[in-house]
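There are 2 protein chains.
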Amino acid sequence: MEKNDPITITLTDRLFDTIQRAIVEGEIPSGSKISEPELARQHGVSRGSLREAIGRLEARKLVERKPNLGARVVTLSYEQLIEIYQVREALEGMAARLAAQNMSDKEIEELQLLLDQHGRQIEEQHGEAYFQKQGDLDFHYRIVQGSKNHHLIGLLCNDLYHLLRMYRYQFGMRSKRSSQAYDEHHYLLNAISSRDPEMAELLMRQHIRSSRRNVERMLLEN
Amino acid sequence: MEKNDPITITLTDRLFDTIQRAIVEGEIPSGSKISEPELARQHGVSRGSLREAIGRLEARKLVERKPNLGARVVTLSYEQLIEIYQVREALEGMAARLAAQNMSDKEIEELQLLLDQHGRQIEEQHGEAYFQKQGDLDFHYRIVQGSKNHHLIGLLCNDLYHLLRMYRYQFGMRSKRSSQAYDEHHYLLNAISSRDPEMAELLMRQHIRSSRRNVERMLLEN
DNA sequence: GCGATGAATATTGTCGACAATATGAGATAT
DNA sequence: ATATCTCATATTGTCGACAATATTCATCGC
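As structure tokens, this is what we get:
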């Protein structure tokens, strides 16, 4: 008998998702104060539930809270973005290493198909960066999953991912290097399917460093 | 005038600290269910505040919560411990790299003093592992701080640290390799004071891998 | 005796109200 | 006019109660 735990969605869960999206997309401006009574009224919900949702957002570093002063949406900064890239480099590098050891042949095959599809998209729509951006996320996401390390997966896909998404939205970070990224993905996948952990980690770290340098250049133009 | 924000400790903060300590030290057994009414009564506090504290513990992966079923203290496992060591290797490796770039000369000097002190302690009390265990934490802690990357510092010193402490308590992990660890710390500090990021990261990762292998051996004995 | 069914009980999710603290406006003194 | 103090207002922290969901346990049918 399948013990299929019926997934119940609690009110706090929905609030958390909704507010997180609003913050990531800048609907609630970065740096602004969050008024509990007002937000609770807007969502037609009690303050208690709202506070729990805010607590989770705080754990994900999307809001900062000071006792008796309330919560503010985190303030984006160039320095913090660099910090995030450094953490990503470390964690995703390790993820790639583990993926080279732990991904199943089937998963690798599917990843190959995904990458082929990206290649065709790049040829067809010259520089339409949006799909490639989504594709970049998909690709990284699968490798992280392939590490089979649940801690790593949680840190990258739950914590860091949304913060990064917030920067992408609000700093208008569209990559002008989709074809280069595609090549780098290609080399990386080769390392993984050759089951070469050392090389996989090295290539992933280089890939993320390139990405960081690209962002740095972009932000210097202001 | 110094705008010294008066640090007020909220009730939830105290609860969080207290319960976290109880969980880490095994006072509340790993895997056991947490009854909100009972815990609230024990601490003489309302369920609302308690729930917020539990939420924070969940964010730190010390408890797991399922909707309408309640919270359980996380179940320790060999596999999870290995996962944690892998994450640590990635993050602390990056921390060492950054520390080699960002620590001040003064901080490096103080770290040297700390290490000298550890060396004397090892000579005096042959294998009294407790102090060395604390010393090991101090040493790593300072390097993480030296990275000057606040995200990294938060992940390691807030999230991972307590989980690791929980394993040390409950698996009775006392290291029998304090003098080897001392040597490794020594080489690592050399790399940092030579401002060699690459070498610092390499040595830190080897150090943590050794530590992991030591744990693996220890657990195989059961 | 064993498993299914349903009522009684307990636990979690959500809410509104009160207490403690911070914020802002207005009055007073320099 | 500026700065300080005081009081009124608003916001956060904490609490107890109700609603929704899970668990327990006795009963029933086989």
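Residue numbers (the numbering used here), protein chains in the order written: chain A, 6 to 227; chain B, 6 to 227. Don't be surprised by glycine CBs; every beta carbon is placed ideally from N, CA and C.
In this structure the segment 31 to 45 of chain B touches the segment 69 to 82 of chain B; the number of beta carbon pairs closer than 8 Å is three or more. I12/A and R70/B have their C-alpha atoms roughly 12 Å apart. For G151/A, the nearest beta carbon of chain B is not closer than 9 Å to its own beta carbon.
In the three-state reduction of the DSSP assignment, I39/A falls in the strand class.
Judged by DSSP secondary structure, G75/B falls within the beta strand (DSSP E) whose first and last residues are 75 to 78.
For D18/B, at least one C-beta of chain A is nearer than 9 Å to its own C-beta. In the same chain as I59/B, and ignoring 5 residues on each side of it, the C-beta atoms closer than 8 Å to its own belong to I24, I39, E41, V68, R70, A76, in chain order. A direct Cα-to-Cα measurement between G31/B and P72/B gives close to 24 Å. Just so you know, the alpha carbons of H48/A and H212/A end up roughly 41 Å apart. About 18 Å separates the beta carbons of L62/A and L161/A, which is beyond the 8 Å limit, so they are not a contact pair.
With the criterion set as a beta carbon lying under 9 Å from some beta carbon of chain A, the members of the segment 54 to 82 of chain B are R56, E57, G60, R61, E63, A64, R65, K66, K71, P72, N73, L74, in sequence order. Here P34/B has V78 as same chain residues with Cβ atoms under 8 Å from its own Cβ, once five neighbours each way along the sequence are excluded. Contact between D141/B and A104/B does not hold, since their C-beta atoms are separated by about 16 Å, which reaches or exceeds 8 Å. Per DSSP, R182/B has no beta bridge partner at all. For K138/A, the secondary structure class from DSSP, reduced to helix, strand or coil, is helix. Among the residues of the segment 87 to 102 of chain B, those with a Cβ less than 8 Å away from any Cβ of chain A are E88, I89, Q91, V92, E94, A95, L96, G98, M99, in the order of the chain.
If only uninterrupted beta strand (DSSP E) runs of at least 3 residues are considered, those enclosed by the segment 19 to 105 of chain B are 68 to 71, 75 to 78. Against chain B, the beta carbon of T23/A has no neighbour under 7 Å; the closest one sits roughly 17 Å away. Taking one beta carbon from each stretch, the segment 103 to 117 of chain A and the segment 148 to 155 of chain A have 3 or more pairs nearer than 8 Å; the two touch. Pairwise C-beta distances place the segment 79 to 90 of chain A out of contact with the segment 166 to 182 of chain B, as fewer than three of them are shorter than 8 Å. Assignment of D164/A by DSSP, reduced to helix, strand and coil, places it in the helix class. Chain-ordered listing is empty here: chain A has no CB closer than 7 Å to the CB of L161/B, the nearest sitting near 10 Å. Its chain contains I24, L55 as the residues whose beta carbon lies nearer than 8 Å to that of L44/A, once the 5 sequence neighbours on both sides are disregarded; these appear in chain order. Proximity of I113/A to chain B, defined by a Cβ-Cβ separation below 9 Å, is not satisfied.
Assignment of M108/B by DSSP, reduced to helix, strand and coil, places it in the coil class.
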